[in-house]
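In the numbering used here, the protein residues as written are 5 to 123.
Written out as structure tokens, the structure reads:
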């Protein structure tokens, strides 16, 4: 079922790429297998909560540890759970960094030391 969905999606994508004179994509069966395993393990965990499925346990541990958020994001990107790519995230971060004006956070009073120390 997933292979049929991805084949239809690939056909549409290749038609657009052919129209734009870009190289066509191929079907990545390894990626489809990863997606199917993810969905099946989540469904099994929901259906049978007494079974300890490794993927859901791994996801819950990744969520609890802030240092591993990038690994979780990479996993979700691989599984196509996240709709946008890491490149999109980097571009958005660059735009936010360019918009920041650090001079707005500076105090511009003449006697700032007196205010700080109450002198």
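All residues carry an ideal CB built from backbone N, CA and C; glycine is no exception.
Collapsed DSSP secondary structure at residue i in the structure displayed
i           : result
residue 105 : coil
residue 85  : coil
residue 28  : coil
residue 61  : helix
residue 95  : helix
residue 110 : coil
residue 71  : helix
Start and end residues, alpha helix (DSSP H) containing residue i
i          : result
residue 47 : 33 to 51
residue 54 : Per DSSP, residue 54 belongs to no alpha helix (DSSP H) and is neither H nor E.
residue 22 : 6 to 23
Exposure of residue i, with buried meaning 16 or more beta-carbon neighbours within 10 Å
i           : result
residue 121 : exposed
residue 42  : buried
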